[in-house]
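Heads up: the sequence shown is residues 360 to 788, going by the working numbering.
Input: a single structure, listed below in structure tokens.
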Amino acid sequence: MKKMCVDINLIGLGTVGRGVYELITNKNKEINEKTGLEIGIYGVCEKNKKILKEINISQNIKIIDIKSASKRCDIVVELIGGLDTAYDIVSNALNNKKYVVTANKALLAERGEELFDLAFKNDVEIRYEASVAGGIPILKSIREGLIANDITEIYGIINGTTNYILTRMEKEEMDFDKALKLAQNNGFAEADPSLDINGIDSAHKAVLLGGLVYQSIIPFNDVYIEGISNITLQDIKYAFEMGFRVKLIATIKRIVDKIDIRVHPALVPINHPLSNIPDEYNGIFLKGDAVSEQLYYGKGAGRYPAASAVVADVVDLAKKIVYREKLPKNIKKRYIKKAVFAVDDIYCSYFLKFITLDRPLVLAKISRILGINDVSIASVIQKEVNNPKGVPIVILTHKANERRVKEALKEIDKLSIIKAKSSLIRILE
Ligand code: HSE
Numbered sequence: 360m361k362k363m364c365v366d367i368n369l370i371g372l373g374t375v376g377r378g379v380y381e382l383i384t385n386k387n388k389e390i391n392e393k394t395g396l397e398i399g400i401y402g403v404c405e406k407n408k409k410i411l412k413e414i415n416i417s418q419n420i421k422i423i424d425i426k427s428a429s430k431r432c433d434i435v436v437e438l439i440g441g442l443d444t445a446y447d448i449v450s451n452a453l454n455n456k457k458y459v460v461t462a463n464k465a466l467l468a469e470r471g472e473e474l475f476d477l478a479f480k481n482d483v484e485i486r487y488e489a490s491v492a493g494g495i496p497i498l499k500s501i502r503e504g505l506i507a508n509d510i511t512e513i514y515g516i517i518n519g520t521t522n523y524i525l526t527r528m529e530k531e532e533m534d535f536d537k538a539l540k541l542a543q544n545n546g547f548a549e550a551d552p553s554l555d556i557n558g559i560d561s562a563h564k565a566v567l568l569g570g571l572v573y574q575s576i577i578p579f580n581d582v583y584i585e586g587i588s589n590i591t592l593q594d595i596k597y598a599f600e601m602g603f604r605v606k607l608i609a610t611i612k613r614i615v616d617k618i619d620i621r622v623h624p625a626l627v628p629i630n631h632p633l634s635n636i637p638d639e640y641n642g643i644f645l646k647g648d649a650v651s652e653q654l655y656y657g658k659g660a661g662r663y664p665a666a667s668a669v670v671a672d673v674v675d676l677a678k679k680i681v682y683r684e685k686l687p688k689n690i691k692k693r694y695i696k697k698a699v700f701a702v703d704d705i706y707c708s709y710f711l712k713f714i715t716l717d718r719p720l721v722l723a724k725i726s727r728i729l730g731i732n733d734v735s736i737a738s739v740i741q742k743e744v745n746n747p748k749g750v751p752i753v754i755l756t757h758k759a760n761e762r763r764v765k766e767a768l769k770e771i772d773k774l775s776i777i778k779a780k781s782s783l784i785r786i787l788e
């Protein structure tokens, strides 16, 4: 009879680790009834003694140190985050032929190439569902459910913290700092919230999504990343009036042999499903040649959504371990390095904001420079009047080339009527 019992070592009992501990402890019977598998926790590793006390770890479970992370288990679950120690834990586990589950998007986006290679050499696997879009099983859907599809594009909201902040700003006319505090108190934000706000967390996730969708290695440093820290309540209000919501969007598209991959705030039309994804929820929209359009929606951050994804990975790998399934050797070379399409080469519509003196010929001067750069105006709003510090003029453009738009803004900012640096927000098509 097969050994149906698989043991994990759980490394890190922070927000997600604690959720995993609870789910595995409380749902063991249900998982066993559904799969026939017994998932056991051999050891837990947590340097914060207070957390260990709070959780009241069962006496059957060993308290282990990082050096023993790979010992006496089948799967190492790395949930400490960060790069260096996490790298040591994961690489050591793989070298010891242990399967690995992690929620560490930074580690895989930045050092994934070596770690996936190491896994392959050692005939084991790394699973990382929790690292992209929390509780939404998007990686499993791409890997399994959509296997018969060529996915031409995939884009969406993949950071809960920034979506929460933007939602609070719009709904409650709250300022950015207050909304960020709320997000942190709710456990959505990364330990260093600048990773969320500056778009880096989304970019890590985008690299992992793009890597899987296009079977490629995407150099993280080539991804265009712009966060939400320059988005003001005023931008959000103007956008809404013009029929849009501001969202932090990650876009991944194949353009011939390159990948157009970028993270930046975007104006999303109110009638687009992504515009209605609120709070810490994530939404991912994709187009597959067989399935057509699909939308994935769910909680992208927080203890239990992420823990749910980790436990699903553990159960998937446990099945492989029990049934001795190995990756076929001939699929190793499918992941090749792909070049990134430069953001300056894209064409899209833009929301442009100018802070200018309220004088005759101002619009004529701005529109002349836009026109010279092949940027055609679709609509204009000016609401305030006569403020010596300048008044905002917002222009929506038709599709234009980003390089030309930036050249136009540079030129416009040299005009004496312009009182602050002009800004752009891309519009989601
Ligand atoms: N800080 C992340 C977010 C947590 O806000 O989406 C999940 O990766």
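C-beta: ideal position from N, C-alpha, C; glycine also.
Since we're looking at a predicted model, the values are computed, not measured.
- Cysteine 404 is classed as buried because its beta carbon has at least 16 other beta carbons within 10 Å across all chains shown.
- Note on geometry: alpha-carbon atoms of leucine 369 and valine 674 lie some 14 Å from one another.
- Annotation: the continuous beta strand (DSSP E) that includes serine 708 extends over 706–715.
- Short of 8 Å from the beta carbon of isoleucine 556, and not among the five residues preceding or following it, lie these beta carbons of its own chain, in chain order: Thr520, Thr521, Ile524, Leu539, Gly586, Ile587 and Ser588.
- Burial state of arginine 718 is exposed, judged by a 10 Å Cβ sphere holding fewer than 16 other Cβ atoms.
- Here the distance from the Cβ of asparagine 732 to the nearest heavy atom of the ligand HSE is not below 8 Å.
- Straight across, the Cα-Cα distance linking tyrosine 446 with aspartate 703 is about 34 Å.
- Between the segment 637–656 and the segment 488–504, the count of Cβ pairs shorter than 8 Å is three or higher; the stretches touch.
- Three or more Cβ pairs closer than 8 Å define a contact, and the segment 453–464 meets that threshold against the segment 674–683.
- For the segment 394–433, the continuous alpha helix (DSSP H) assignments of 4+ residues that do not extend past its boundaries occur at 408–414, in sequence order.
- Between lysine 612 and valine 627, the CB-CB gap reaches or exceeds 9 Å.
- For leucine 369, the pairing in a beta bridge is given by DSSP as Val403 and Val436.
- Between isoleucine 618 and alanine 548, the gap from beta carbon to beta carbon reaches 9 Å or more.
- Considering only Ser726, Val734 and Leu686, the residue with the shortest C-alpha distance to serine 708 is Val734.
- If you draw a straight line from the Cα of phenylalanine 713 to the Cα of isoleucine 506, it is about 46 Å long.
- Under the DSSP assignment, arginine 527 falls in the alpha helix (DSSP H) whose first and last residues are 519–531.
- The three-state reading of DSSP puts alanine 677 in helix, counting H, G and I together.
- The residue among Phe700, Asn451, Ile754 and Ile629 with its C-alpha nearest the C-alpha of isoleucine 725 is Ile754.
- Exclusion of glutamate 512 from the 8 Å shell around the ligand HSE follows from its C-beta lying no nearer than that to any non-hydrogen atom of the ligand.
- Secondary structure note for asparagine 454: its alpha helix (DSSP H) is the uninterrupted segment 443–454.
- Contact holds between the segment 426–435 and the segment 387–404, because three or more Cβ pairs, one in each stretch, are under 8 Å apart.
- Selection around the ligand HSE by beta-carbon proximity, strictly under 6 Å to any non-hydrogen atom, yields Gly493, Asn518, Gly519, Thr520, Phe547, Ala548, Glu549, Asp555, Asp560, Gly659 and Ala660 in chain order.
- Rounded to the nearest angstrom, the gap between the Cα atoms of threonine 591 and tyrosine 380 is 40 Å.
- Each residue's CA atom was taken as its position, placing phenylalanine 475 and alanine 665 some 22 Å apart.
- With 16 or more other CB atoms across the displayed protein chains lying within 10 angstroms of its CB, serine 667 is buried.
- For histidine 563, the enclosing alpha helix (DSSP H) starts and ends at 559–572.
- Counting only the Cα atoms, asparagine 544 lies some 31 Å from glutamate 600.
- About 5 Å separates the beta carbons of asparagine 481 and lysine 456, which is inside the 8 Å limit, making them a contact pair.
- Following the DSSP letters along the chain, one finds phenylalanine 599 inside the alpha helix (DSSP H) bounded by residues 592–600.
- Valine 365 has its alpha-carbon roughly 11 Å from the corresponding atom of tyrosine 682.
- For isoleucine 517, same chain residues with a beta-carbon under 6 Å away, outside a window of 5 residues either side, are Ala492, Ser561, Lys564, Ala609 and Asn641 in chain order.
- Using a 10 angstroms sphere on the CB of glutamate 437, the tally of other CB atoms reaches 16 or more, which defines it as buried.
- The alpha-carbon separation between arginine 502 and leucine 568 amounts to approximately 10 Å.
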